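These notes are about the structure you will find just below.
Residue numbers (my numbering): 47 to 564.
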């Protein structure tokens, strides 16, 4: 497989050096506090988790209200309480070490050394005829035109609309920077992002969806599957735009089903298939394609990064990950989801992250703390009920440990008795005698401690996401593929809000680029 020359060297720019240092500092902090991330709140009473906290924390936090705790975690505390120095130091370290989650701040972490110029034949120019054609092409809808927002937003939830508006602009800017007008939307679902990229930004878009339940119509093109729902919405949007724009130029996205797998052979086949798809587009300027992933789940994000890094036709990537707990962590084989970078792999066991830690990193600390601040945390008290129930279940049968409750929507003010009777099989339910036990009543009264412990886990959770994203950043940096990380979404709207971007900046088309087979 062709890879960029001078691969896997540690970049010595200040950003990459700083990230490597921060990674090591985070793991040192987790040696002390990581046990909280590895614990499950459901085991709060069974494993006596409160007693494992430092005694000075316990005595102080018992005196802190949920409202005060929420403000303190977010750095908004103005009360006169004197917090334990170790807690203050931990919060300060997290604020310094984590990737900033405030999308309003302009700061971006970007590798400042790029070697892509070494692999470009600077005297070559791309196909003049196609270049002229692209320059003469006038978009039907400019990125600033809000006249058709309702058309683009049809069938789309408000959160998704917001994410698409931000993501599409960044992807379009990356395409321009990479001199590339073809984009692959991985995990495209119903194609909402793809339609914005195609019609608003005049890009050639192919949607790749691995979930065959979304796809049900046969396509004659290389045996792939087409989403009939997406195709229907494409037609509706095209018809609506054509009514308002006399010179409207239709650019419907293609919808295909392809497996994005981890092996190098599968990646090569995928890249070849995508190239064949784009070759049918007369507007293709022979400069490869970009990869866009709006919350690709688990290992899919790692597979996309490897596709970008190892396939010369992949010109840029824009991804926002999610579902970190679904990452493959096994040390067998090279294609694991975490760690990816040589720097973290060299740390061996010292870079280990548990399933529980990766799972809590997928939650939103901002929304959690907002609930604490506004006394709107009755639904969070259910975690205390579940921890009490865990003790009763284990008394009945140890095999019931971490039993999945029925998926019943809990109402505000749901009692412990209601939780157990509505969400458990009859044979597993606590008895009336269990409800009357003093031990059970005492534990139920400790709901604030359970809430506090869960809040401390969320305080630490951003360190876990930072490690995963720094690992991906360093993976690209080690391959001379200058990456950047920045919060682009409002974390209260879209909790996984940090975008990883990398562009292979070149002045020549793909066919004129020198690649190394080493």
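We put the beta carbon where it would ideally sit given N, CA and C, even for glycine.
None of these values were measured; they are calculated from a predicted model.
Spatial neighbours of residue 205 in its own chain (CB-CB distance under 7 Å, excluding positions within 5 residues in sequence) are listed in chain order as 539 and 540. The three-state reading of DSSP puts residue 352 in helix, counting H, G and I together. Contact holds between the segment 363 to 378 and the segment 336 to 346, because three or more Cβ pairs, one in each stretch, are under 8 Å apart. CA-to-CA, the gap between residue 532 and residue 203 works out to about 24 Å. Nearest to residue 431 by alpha-carbon distance, out of 511, 463 and 154, is 463.
Judged by pairs of C-beta atoms under 8 Å, the segment 152 to 161 does not touch the segment 84 to 93, as fewer than three such pairs exist. Burial state of residue 150 is exposed, judged by a 10 Å Cβ sphere holding fewer than 16 other Cβ atoms. By the criterion of a C-beta distance shorter than 8 Å, residue 350 is surrounded in its chain by 232, 306, 337, 339, 342, 363 and 365, once the five residues flanking it on both sides are discounted. For the 8 Å CB-CB criterion, residue 116 and residue 415 form a contact. Taking a cut-off of 8 Å on C-beta distances, the segment 475 to 486 does not touch the segment 443 to 454, as fewer than three cross pairs fall below it. The beta carbon of residue 391 lies closer than 8 Å to those of 385 and 397 in the same chain, with the five residues before and after it left out. Where residue 254 is concerned, there is no enclosing alpha helix (DSSP H), although the beta strand (DSSP E) around it starts and stops at 250 to 254.
Taking the C-beta atoms as reference points, residue 224 is found no nearer than 8 Å to residue 247.
The shortest CA-to-CA distance from residue 65 to any of 93, 523, 375 and 547 is the one to 523. In the DSSP annotation of this structure, the continuous segment of the alpha helix (DSSP H) that includes residue 413 starts and ends at 411 to 419. Judged by DSSP in its simplified three-state form, residue 478 adopts helix. Excluding five sequence positions before and after residue 70, none of the CB atoms of its chain fall closer than 6 Å to its own CB.
Scanning the segment 514 to 538 for uninterrupted alpha helix (DSSP H) segments of 4 residues or longer gives nothing; none is fully contained. Per the DSSP secondary-structure output, residue 363 pairs in a beta bridge with 337 and 548. Residue 101 and residue 108 have their alpha carbons spaced roughly 11 Å apart. Residue range 300 to 302 is occupied by the beta strand (DSSP E) that includes residue 301, with no alpha helix (DSSP H) assigned at that position.
Distance from residue 76 to residue 509 at the Cβ level is roughly 7 Å; contact confirmed, criterion being Cβ atoms closer than 8 Å.
When the five nearest sequence neighbours on each side are left out, the beta carbons in the same chain lying within less than 7 Å of the beta carbon of residue 240 are those of 231, 234, 251, 253 and 299, in order along the chain.
Minimum Cα-Cα distance from residue 92 among the listed residues 381, 72, 426 and 439 corresponds to 439. The residue among 442, 441, 468 and 487 with its C-alpha nearest the C-alpha of residue 452 is 468. Beyond the five residues adjoining it in sequence on each side, residue 534 comes within less than 8 Å, by CB distance, of 149, 212, 213, 216, 366, 543, 544 and 545 in the same chain, given in chain order. Closest option to residue 227, judged by alpha-carbon separation, among 238, 237 and 244: 244. Each residue's CA atom was taken as its position, placing residue 490 and residue 90 some 12 Å apart. Residue pairing for residue 231: DSSP places it in a beta bridge opposite 253 and 338. Contact between residue 113 and residue 419 holds, since their C-beta atoms are separated by about 6 Å, short of 8 Å. In the DSSP assignment, residue 78 falls within the unbroken alpha helix (DSSP H) covering 60 to 84. Under the DSSP assignment, residue 462 falls in the alpha helix (DSSP H) whose first and last residues are 462 to 469. Contact between residue 537 and residue 147 is confirmed by a C-beta separation of about 5 Å, below the 8 Å threshold. Per DSSP, residue 325 is one residue of the alpha helix (DSSP H) stretching across 310 to 325. Shown here for residue 110: same chain residues with a beta carbon closer than 8 Å to its own, the five before and five after excluded, namely 118, 127 and 498 in chain order.
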